[in-house]
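**Student:** Numbering (this note's numbering), first residue to last: 235 to 390. Think of the CB as a built atom: it goes at the ideal place given N, C-alpha and C, for glycine as much as any other residue. These numbers were taken from a predicted model, which means no experiment stands behind them.
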Ligand code: FES
Ligand code: FES
């Protein structure tokens, strides 16, 4: 497979990477850049485990071609604690027991971050709607929604 260079920013750091032409953004992040916090679940746009923020919007990175991301700004779960401290959302997920195996959590947190960036104090229903694309097999959604709600409340 041919490779092509791509330039993008991930968590405020610039990268120039050679990627296979058929690589997804998920593969670019995990295999070329080495940021393995973003998870691959279904690989088909159905579970949300691979959610990252692309140019301000949450996307399923398994469905985005890497070469479409030339010049893009991407935020991943690693950006949540870039300064070495857990973010408000990460702390709230711990406080509310909002994960068990944790596989869905990076995607959950990135969807929640994208919501809070545009709507700092979302209602319960707005949170439910924003998180619809993120599936969790083990925790139950109420704890996850409560964690996000708590952060929204703090940001009032
Ligand atoms: S791995 Fe991308 S949506 Fe499931
Ligand atoms: S915590 Fe296990 S899938 Fe969500």
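Compute the minimum distance between the beta carbon of residue 271 and the heavy atoms of ligand 1, and state whether it is under 7 Å.
**Tutor:** Start at 1 with the first residue of the chain shown, and residue 271 comes out as number 37. Every heavy atom of ligand 1 is 7 Å or more from the Cβ of residue 271, so no.
**Student:** Please state whether DSSP places residue 361 in a helix, a strand or coil.
**Tutor:** For the purposes of this step, residue 361 is taken as residue 127 along the chain shown, with counting starting at 1. Residue 361: helix per DSSP, three-state reduction.
**Student:** Could you name each continuous beta strand (DSSP E) segment of 3 residues or more that falls completely within the segment 240 to 308, going from the start of the chain to the end?
**Tutor:** 247 to 254, 285 to 288 and 291 to 294
**Student:** Using the Cα positions of residue 253 and residue 238, report the straight-line distance between them to the nearest angstrom.
**Tutor:** Sequence index remark: in the chain shown, residue 253 carries index 19 (1-based). Sequence index remark: in the chain shown, residue 238 carries index 4 (1-based). C-alpha separation (whole angstroms): 5 Å.
**Student:** Tell me residue 310's beta-bridge partners as DSSP assigns them.
**Tutor:** The sequence position of residue 310 within the chain shown is 76, counting from 1. In the DSSP output, where bridge partners are listed per residue, residue 310 has none listed.
**Student:** Let me confirm a value: residue 262 is counted as buried when at least 16 other C-beta atoms fall within 10 Å, else exposed. Which label applies?
**Tutor:** For the purposes of this step, residue 262 is taken as residue 28 along the chain shown, with counting starting at 1. Residue 262 is buried by the Cβ-count criterion.
**Student:** Please state whether DSSP places residue 376 in a helix, a strand or coil.
**Tutor:** Residue numbering aside, residue 376 sits at position 142 when the chain shown is read from its first letter. Helix at residue 376.
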